[in-house]
Amino acid sequence: MTKRVWVVIGITLLLSACSNNPSTDFFHAQNDAKEIETLEKILEKEESTSESLSVFFDHQLVVAVQVQPLSKFQKSKIEKRLQKKVEKEFPNHEVLVSSDLKIMWELKDLVKKDPNDKALKKTLKDIQALAKEET
Amino acid sequence: MDAKSYQPIVDQIAPKRPVLRNCFAAFFVGGIFCAIGQIFSYLYMYFFNFTERTASNPTVATMVFIAMLLTGFGLYKKIGQFAGAGSAVPVTGFGNAVISAAIEHKSEGWVLGVGSNMFKLAGSVIVYGVFSAFVVALIKTILVKMGVIAW
């Protein structure tokens, strides 16, 4: 009896983990719906990501994505591919796509605070510098 | 009695090694070490300005430091007795190898005892670590050049 329960739980967990659509969140300082829609189309196509958060501000665009656990080995490849795609769609923006968890946390923090333009600019700059750190 | 006829007698008399049990113990204890390391990694990312990539260095240092403390207090050998390879293979085993050698040779003096013997066992870890890193890097370079994986 208990064995059957475990099997059912296991299958449910397995299936629910596989069929998740990526959740996408956006924050735009100028509320440009068109730009958000363009980006959403790119991010929704990427099935190996589970979560994403994008912040637009004055020709800067930072996209944080979380890769599905089974695709973690391809993380940098996915990151590069997304970076190229986003750069192609937003040639006037300084684009940064990162799959790092820290960048995701920092962006979430930033959006939660709902900062003014000055703070937004500084934090985005800090995040971009952080993402470039190698050691 | 030659070596050939000696070996079957040894096999007969020697107690059987619980290989499967050892494997499970090593797997779980090694996994617990790694989980603790992951927690430290997240702590460094959460409270300091470390990214996933850069948090690995302080995490390794912390884990080695904790293993060194445990070795000094005599707790690591108890873990090692239970877990075997599970406590030796992760980076914590490196800290244990350094400190246990230092403790063992303390009576021979600071320079010729502790100083020269500290890396007696850990030295081989460094040598083969560097060598295997070289081999892995070579394989990865080839795979990247062939376009199988990305950096």
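Read top to bottom, the protein sequences are chains A and B.
Under the working numbering, the first residue of the first sequence is numbered 50, with each subsequent residue one higher.
Under the working numbering, the first residue of the second sequence is numbered 7, with each subsequent residue one higher.
Glycine included, C-beta positions come from ideal geometry on N, C-alpha and C.
This structure is a prediction, so every number in the text was calculated from the model and none was measured.
Cα-Cα, which of Thr65(B), Gly92(B), Pro21(B) is closest to Cys29(B)? Gly92(B)
Own chain partners of Phe106(A) with C-beta closer than 7 Å, once the 5 adjacent residues on each side are dropped: Ala78, Leu169, Lys170, Leu173
Under 7 Å between C-beta atoms, does Lys133(A) make it to chain B? No, Lys133(A) lies away from the interface with chain B (no Cβ there is under 7 Å from its Cβ).
Asp149(A) burial status per 10 Å Cβ neighbour count (16 or more: buried): That one is buried.
I want to know whether the segment 61–76 of chain B touches the segment 100–109 of chain B - three or more CB-CB distances under 8 Å. Look at the beta carbons and you see the segment 61–76 of chain B touching the segment 100–109 of chain B: at least three pairs across the two are nearer than 8 Å.
Ranges of the alpha helix (DSSP H) found wholly within the segment 51–111 of chain B, counting only runs of at least 4: 62–79, 82–89, 91–94, 98–110
In three-state terms, what does DSSP make of Asp149(A)? Annotated three-state conformation of Asp149(A) is coil, per DSSP.
Grouping DSSP H, G and I as helix and E and B as strand, with all else coil, what is Ser97(A)? coil
Using DSSP with H/G/I as helix, E/B as strand and the rest coil, what is Ala113(A)? strand
Could you tell me which chain A residues have their CB closer than 8 Å to the CB of Ala41(B), listed as they occur along the chain? Near Ala41(B) there are no residues of chain A at all, since even the closest Cβ is about 15 Å away, more than 8 Å.
I need the straight-line Cα distance from Met69(B) to Gly43(B), nearest angstrom please. Answer to the nearest angstrom: the Cα atoms are 7 Å apart.
Opening and closing residue of the beta strand (DSSP E) in which Phe75(A) lies: 72–77
Sequence-distant residues of the same chain with beta carbon closer than 6 Å to Phe53(B), five excluded per side: Result list for Phe53(B): empty, nothing under 6 Å.
Going by C-alpha to C-alpha distance, which of Asn63(B), Phe34(B), Met7(B) sits closest to Val95(B)? Phe34(B)
For Val154(B), which of helix, strand or coil comes out of DSSP? Collapsing the DSSP output to three states places Val154(B) in coil.
On the premise that Glu100(A) lies in contact with Gln115(A), defined as a C-beta separation below 8 Å, what is that separation, rounded to the nearest angstrom? Right, their Cβ atoms sit about 4 Å apart.
Bounding residues of the alpha helix (DSSP H) (the contiguous stretch that carries Thr172(A)): 166–181
Suppose the cutoff is 8 Å on Cβ atoms and the five residues either side in sequence are ignored; what does the same chain contact list for Ile132(B) look like? Phe125
From Trp154(A), Leu159(A), Ile176(A), Ser120(A), residue whose alpha carbon lies closest to that of Ala156(B): Of the listed residues, the one whose Cα sits closest to Ala156(B) is Ser120(A).
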